[in-house]
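With the sequence shown counted from 1, adding 681 to any position gets you this note's numbering.
Structure record follows, encoded as structure tokens.
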Amino acid sequence: MSTLRAKPKYYLTTPLYYTNGLPHIGHTYSTIVADVIRRYKRMRGFDVFMTTGTDEHGVNVERSAKKAGKSPQEYSTAIASRWRQLWDELGIPGDEFIRTTDERHHRTVQWLFKRCRENGYIEKGHYTGQYCVHDNAYVVDAGPGDACPDCGRPTETVTEENYFFKLSEFQQKLLDFYAANPDFIRPESRRNEVLSFVQGGLRNLSITRTTIRWGIPVPGEAPHVFYVWFDALIGYLSAVGGPEFDERGLWPADLHMVGKEIIRFHAVYWPAFLMAADLPLPKQIWAHGWLLFDSEKMSKSRGNAVRPRPIVSVLGIGPLRYYLLREIVFGQDGSFSYDALVSRYNSDLANGLGNLASRTLTMIGRYFGGEIPKPPGYGVLGNEPGSADFASEALTRITQLYDKFSFSLALEGIWEQVAAIDKYLTVEKPWTLAEQPENRERLAKVLYTAAEGLRIVTALAHPVLPQSTEKIWRQLGQTTPLAGVQMDQLSWGQLKPGTKIGKLEGIFPRVEKSEAIERIESMEQEQSKAAEAAAVTPASAPAVAAQAKIGIEDFAKIEMRVGLVKSAERVAGADKLLQLQVDIGDEVRQIVAGLALTYKPEDLVGRKVVVVTNLQPRKLRGVESNGMIVAASAGPDGSPVLAGFLEDVPVGARLK
Ligand code: MSP
């Protein structure tokens, strides 16, 4: 019995990521795109559910675990928690996180195998072939010593007794299915690629292994374990009920979002497995392109992987989401560059949407006491000529682009509106109208129009910039969450005159490009070293446990002294940073510290703090920092709490 729902359901998935490495922004891109779709579909009235997770079996994980001196289970558990933690941190967690090591998943794989077998689609046989360990795939038509055509690594010759899935019997069934469901594989180029692959004939597929230990056992058939792809794909179903999928009412999936290199597994093997088991097929597989770095696919093995955290700590997650969706034509490969990322940030977010929100709302604050003005004719005549049309035209056009997953065009369209409203303000000069009492009505009309336009573009941009658009929404005085707004119910004129606007705060402070890049890159260097070292520590364990113990001589290298804060002020454009002058006994140092969320500048003056005094000086937001203040990440949300002393201590005293 299917669950009765008030709204239609939409079930989407990200790939289940391998646990032999940590996420980079290529993986982050897939999860971000899925999250944008999730948020968009919610605003279109769907009851949306998203699964992500980890693909943990196979030789690669087994080998990585061995290298780390761990059991595969222990190793994989630690890495899986890193993936999960990152998605939580970036605000893109799955509604369900499936691990292929979960018991519920084992049960589902074994059940699906049994169904395929009972339906006559499984047989035993021998297989000798070239196998690519990295891609977990046999390479058809390769001879001993040949390289894998996908990754270029040498293949290995493997002979095994296996269970085979009779894929060859599905050639025509698949072709008929593709013909009846032209949107099953997207984009068109991938559909053509899959079609010609299937038209070329399908060979039976070996789906169990005896050469591997680390896998799901084939019941009663030890030492057979399932081939990783017969295992991982089924995770999408295990996540939403497995054999009892009917009870949750989420299967079949509406969308599997994947990278282009795994389209064949999803568009050929997976529907064939489901057909053989007599189960419903997913509605759509969308293969996006690759993020390239210096023209090569970004990947751990190529050593060109960029991690998301440094970008997020310097610019925020919203700007990374915006950049990836705006700059990369969805479905095609796109180059990643820090330069383009920061340029987009400054031009479209700081100078674009952020500036529009701040100038519009500041003027409403200044000229109308912080209340949305009432334009003449409000509720009767409509508003500024063209505005209502603009809104309905933009809403239709942009939602159509979102529906097609043409994200870069949708964002381009939204930002054309941002520019149009901005230009309207420049032309109408409300600051001049404000000085002319006879133009009070005109002023009300201009600022109402700008605010209402801002409200609509803010709603349209929400799936891509969820947090910052919520902030603008509240600044516009809206009290119900933007995430709950339905796009088809948005229309011009809903902004009520008299609404009190919220507290104004900068959304996207401008950054100095070279300095921002420098900071991201230096964090990237620090973190990539630490990340691999810490990879096998479960997220909840203290970080120090991951690193080797240090000798006293290492600790002695760090010079820490008691300092006295002489003055403190905020750093312009950075809401966390304070610029301090700190007396450390024999000199006064300038230190930039991320304390502003916990401490007001005036509360710090005269306070004794612990200062690391022998760090290399560095610049933060263009301000030189010559030392570091010691604090515990112990406040709410990990905000800093200063280290201090209960007894009085002399300034300059060394800590040992
Ligand atoms: N475990 C399989 C998927 C099984 S799904 C049942 C796998 N895992 S993976 O960790 O290698 O992740 C692959 C996915 O990460 C790609 O399909 C893609 O979505 C994303 N990306 C990894 N590198 C990428 C880029 N350089 N660019 C864009 N996406 C990339 O394959």
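C-beta atoms are modelled at their ideal positions from N, C-alpha and C, and glycine is treated no differently.
Item                                                                                                                                : Value
Backbone CA spacing between ALA828 and GLN852 [nearest angstrom]                                                                    : 27 angstroms
Limits of the unbroken alpha helix (DSSP H) element including MET1044                                                               : 1036 to 1049
Any 3 or more C-beta pairs closer than 8 angstroms across the region 952 to 967 and the region 862 to 880                           : yes
Local Cβ density within 10 Å of THR1161, reported as buried at 16 or more and exposed below that                                    : exposed
Option in HIS937, LEU767, LEU931, ILE893 with minimal Cα separation from ARG696                                                     : The identity of residue 696 in the sequence shown is Pro, whereas the question assumes Arg. Nearest of HIS937, LEU767, LEU931, ILE893 to PRO696, Cα basis: HIS937.
Cut-off 8 angstroms between Cβ atoms - residues of its own chain near GLU1204, not counting five sequence neighbours on either side : Going by the sequence as given, residue 1204 is Met instead of Glu. ARG990, PRO991, SER994, VAL995, listed in sequence order.
Close beta carbons around TRP971, own chain, < 6 angstroms, minus the five adjacent residues each side                              : LYS978, ASP1014
Outcome for ARG1136 when other beta-carbon atoms lying within 10 angstroms are tallied against a minimum of 16                      : buried
contact_flag[the region 918 to 928, the region 829 to 849] where n(CB pairs < 8 angstroms) is 3 or more                             : no
DSSP-derived helix/strand/coil call for CYS832                                                                                      : coil
Assigned exposure category for GLY1058 - 16 Cβ within 10 Å defines buried                                                           : exposed
Simplified DSSP assignment, three categories, for ALA687                                                                            : coil
Short Cβ contact (9 angstroms threshold) for VAL729 with PHE1088                                                                    : no
Buried or exposed (CB count within 10 angstroms, at least 16 for buried), LYS1126                                                   : buried
7 angstroms CB neighbourhood of THR773 in its chain, flanking five on each side removed                                             : The sequence given here places Ile at residue 773; Thr does not occur at that position. Once the five neighbours on either side are set aside, the close Cβ partners of ILE773 are THR712, ILE713, ASP716.
Where the beta strand (DSSP E) containing GLY806 begins and where it ends                                                           : 803 to 813
DSSP three-state assignment for HIS787, whether helix, strand or coil                                                               : helix
heavy atom of ligand 1 below 8 angstroms from PRO696 C-beta                                                                         : yes
heavy atom of ligand 1 below 8 angstroms from GLU942 C-beta                                                                         : yes
The alpha helix (DSSP H) enclosing ASN843, as first and last residue numbers                                                        : Counting along the chain, ASN843 falls outside any alpha helix (DSSP H), though it belongs to the beta strand (DSSP E) covering 837 to 846.
Cutoff 6 angstroms; reference ASP622; Cβ partners in own chain excluding five residues on either side                               : Here the chain covers residues 682 to 1337 and nothing more, so residue 622 does not appear.
Inter-residue Cα distance where the pair is ILE998 and LEU771                                                                       : 6 angstroms
Nonlocal neighbours in the same chain, by C-beta distance under 6 angstroms from SER1073, ignoring five residues either side        : none
Distance between LYS941 and LYS1300 (C-alpha atoms, nearest Å)                                                                      : 40 angstroms
Three-state class that DSSP yields for MET1204 in the structure shown                                                               : helix
Classification of GLN1297 by the beta-carbon crowding that lies within 10 angstroms, buried from 16 upward                          : exposed
Three-state secondary structure (DSSP) of PHE1338                                                                                   : Coverage of the chain is limited to positions 682 through 1337, which leaves residue 1338 absent and any answer about it impossible.
Assumed close pair GLY1033, TRP1096 - CB separation to whole angstroms, cut-off 8 angstroms                                         : 6 angstroms
For PHE926: DSSP bridge partner residues                                                                                            : Answer by DSSP bridge pairing: none, since PHE926 is not bridged.
Unbroken beta strand (DSSP E) run spanning PRO1350, endpoints                                                                       : Since the first and last residues shown for the chain are 682 and 1337, residue 1350 lies out of range.
PHE946: CB within 8 angstroms of a non-hydrogen atom of ligand 1                                                                    : yes
Beta carbon of GLY726 nearer than 9 angstroms to that of GLN1159                                                                    : no
Counted within 10 angstroms of its Cβ, other Cβ atoms place ARG1002 as buried (16 or more) or exposed                               : buried
Per DSSP, cross-strand counterpart(s) of TRP967                                                                                     : ARG867, MET938
Three-state secondary structure (DSSP) of ALA1312                                                                                   : strand
Rounded separation between GLN1271 and ILE1239 - CA only                                                                            : 19 angstroms
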